[in-house]
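In our numbering, the protein residues as written are 1 to 322.
1) When you compare the region 85-104 with the region 224-233, are there three or more beta-carbon pairs, one atom per stretch, that lie closer than 8 Å?
2) Among the residues of its own chain, which have a CB less than 7 Å from the CB of residue 256, if the five just before and after it don't count?
3) To the nearest angstrom, report how far apart residue 159 and residue 284 are at their CA atoms.
4) Can you check whether the CB of residue 157 is closer than 8 Å to the CB of residue 129?
5) Leaving aside the five residues before and after residue 110 along the sequence, list all residues of the same chain whose C-beta is less than 8 Å from its C-beta, in chain order.
6) Starting from residue 268, trace the alpha helix (DSSP H) in both directions and tell me its first and last residue.
7) Could you give the distance in angstroms between the alpha-carbon of residue 141 and the alpha-carbon of residue 134?
8) Within 10 angstroms of its Cβ, does residue 51 collect 16 or more other Cβ (buried), or is it exposed?
9) By DSSP, does residue 125 sit in helix, in strand, or in coil?
10) Which residues in the same chain as residue 277 place their Cβ atom closer than 8 Å to its Cβ, once the five residues preceding and following it in sequence are excluded?
11) Where do the ends of the beta strand (DSSP E) carrying residue 285 lie?
12) I think residue 120 touches residue 37, with their Cβ atoms under 8 Å apart; what is that distance to the nearest whole Å?
13) Using a 10 Å radius around the Cβ and a threshold of 16 neighbouring Cβ atoms, would you call residue 49 buried or exposed?
14) If we ignore side chains and look at the alpha-carbon of each, how far apart do residue 250 and residue 165 end up?
15) Out of 167, 55, 78 and 264, which one is the CA nearest neighbour of residue 209?
16) Is it right to say residue 88 is buried, meaning 16 or more other beta carbons lie within 10 angstroms of its own, or is it exposed?
17) In terms of residue numbering, what span does the alpha helix (DSSP H) encompassing residue 220 cover?
18) Verify whether the separation of the beta carbon atoms of residue 248 and residue 199 is less than 8 Å.
19) With 16 other CB atoms within 10 Å as the buried threshold, where does residue 66 fall?
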């Protein structure tokens, strides 16, 4: 069998490691206390990705909620359920993500079956989940002296469960429930309606005492719409003067215009400052297109940004913008 040089090169690439070095990925995982993703050959990652795309419709075939995988919201929910069911790990969430899945098929990621899945896509998500959980916890603690706690705004929340976990977290006796913060999730109308249905049909039955966030509909691609929404949400007559924490997780990749991400962050900062909020914090695990490594390094040296090492190709970088 004659093999052309180009075919041989393609075969070598398919079965070599996905990344030349997994050092940065290991560093990121180590910093947040989770197991790093498997630096498997690209063929393995591709097989796992394609397998999930084919099997998700089967898992949800008889799902009365019928959630859609827009911007991979549904895929990420399953990945978070895998990591969230792994007991004795940093990402164990007590089954919150698991509770939003279909009643029967969800058991394929139940404990202990969740340990059968190799550390691929779900482990990349596990790193950024642990990172953001850590940073949000730090920010909430830093603002714990504020009477009502800070306002936490999640941009493009998708089917994420962080707000439920933080708002429903047991508090020490005598502590102020408001110190958990008041959570608001912003997303497209279709995503918000689907998430409301998941909460109504699933979470309310399985966790009747769970605290839920405030849902607001907005298109993050529309700057005027976003600014108008933030002006209403942060108006002094609507909210008492308090600090604001923005959470940005894997959203920028799905914005329609290449220059939209910096404009979105600038609008959030500008409107928040105009509202007279005490302080603005961005807990950020995403990409910033058109921002060079040199510019990020300058910001880091000035103390404007903390960098979480990240190497997984095609995945989000982890940043916190104080």
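Yeah, the Cβ is synthetic: ideal placement off N, Cα and C, and Gly gets one too.
Quick caveat: nothing in here was measured; it's all calculated off a predicted structure.
On the basis of the supplied data:
1) The region 85-104 vs the region 224-233: no contact.
2) Here residue 256 refers to the residue found at position 256 when the chain shown is read from its first residue. The beta carbon of residue 256 is closer than 7 Å to those of 221 in its chain, skipping five residues each way along the sequence.
3) In the chain shown, residue 159 corresponds to position 159, counting from 1. In the chain shown, residue 284 corresponds to position 284, counting from 1. If I take the Cα positions, the gap works out to 17 Å.
4) Looking up residue 129 in the chain shown gives position 129. Looking up residue 157 in the chain shown gives position 157. Contact: no.
5) Taking the first residue of the chain shown as position 1, residue 110 is located at position 110. Hits under 8 Å: 85 and 98.
6) Taking the first residue of the chain shown as position 1, residue 268 is located at position 268. Judged by DSSP secondary structure, residue 268 falls within the alpha helix (DSSP H) whose first and last residues are 260-274.
7) To locate residue 141, count along the chain shown from 1; it is residue 141. To locate residue 134, count along the chain shown from 1; it is residue 134. Each residue's CA atom was taken as its position, placing residue 141 and residue 134 some 11 Å apart.
8) Here residue 51 refers to the residue found at position 51 of the chain shown. Classification of residue 51: exposed, given that the 10 Å Cβ count is below 16.
9) The count along the chain shown starts at 1 and reaches residue 125 at position 125. The answer is helix: DSSP assigns residue 125 an H, G or I state.
10) For the purposes of this step, residue 277 is identified with residue 277 of the chain shown, where counting begins at 1. A distance below 8 Å between beta-carbons, with the five flanking residues on each side excluded, links residue 277 to the following residues of its chain, in chain order: 151, 234, 241, 242, 243 and 244.
11) Taking the first residue of the chain shown as position 1, residue 285 is located at position 285. Counting along the chain, residue 285 sits inside the beta strand (DSSP E) bounded by residues 280-285.
12) For the purposes of this step, residue 120 is identified with residue 120 of the chain shown, where counting begins at 1. For the purposes of this step, residue 37 is identified with residue 37 of the chain shown, where counting begins at 1. Between residue 37 and residue 120 the Cβ distance is about 6 Å, and since that is below 8 Å, they are a contact.
13) As a working note, residue 49 is residue 49 in the chain shown. By the Cβ-count criterion, residue 49 is exposed, with fewer than 16 other Cβ atoms from all chains shown falling within 10 Å of its own Cβ.
14) As a working note, residue 250 is residue 250 in the chain shown. As a working note, residue 165 is residue 165 in the chain shown. Their backbone Cα atoms lie some 19 Å apart in a straight line.
15) Position 209 of the chain shown holds residue 209. It is 167 whose Cα lies nearest to the Cα of residue 209.
16) Working through the chain shown from its first residue, we reach residue 88 at position 88. It is exposed - the Cβ of residue 88 has fewer than 16 other Cβ atoms within 10 Å.
17) Locating residue 220 in the chain shown gives position 220, where the first residue counts as 1. No alpha helix (DSSP H) holds residue 220; DSSP gives it neither H nor E.
18) Your numbering for residue 248 matches position 248 in the chain shown. Your numbering for residue 199 matches position 199 in the chain shown. Result no, Cβ atoms of residue 248 and residue 199 do not sit closer than 8 Å.
19) Against the chain shown, residue 66 aligns to sequence position 66. Exposed, because fewer than 16 other Cβ atoms sit within 10 Å of the Cβ of residue 66.
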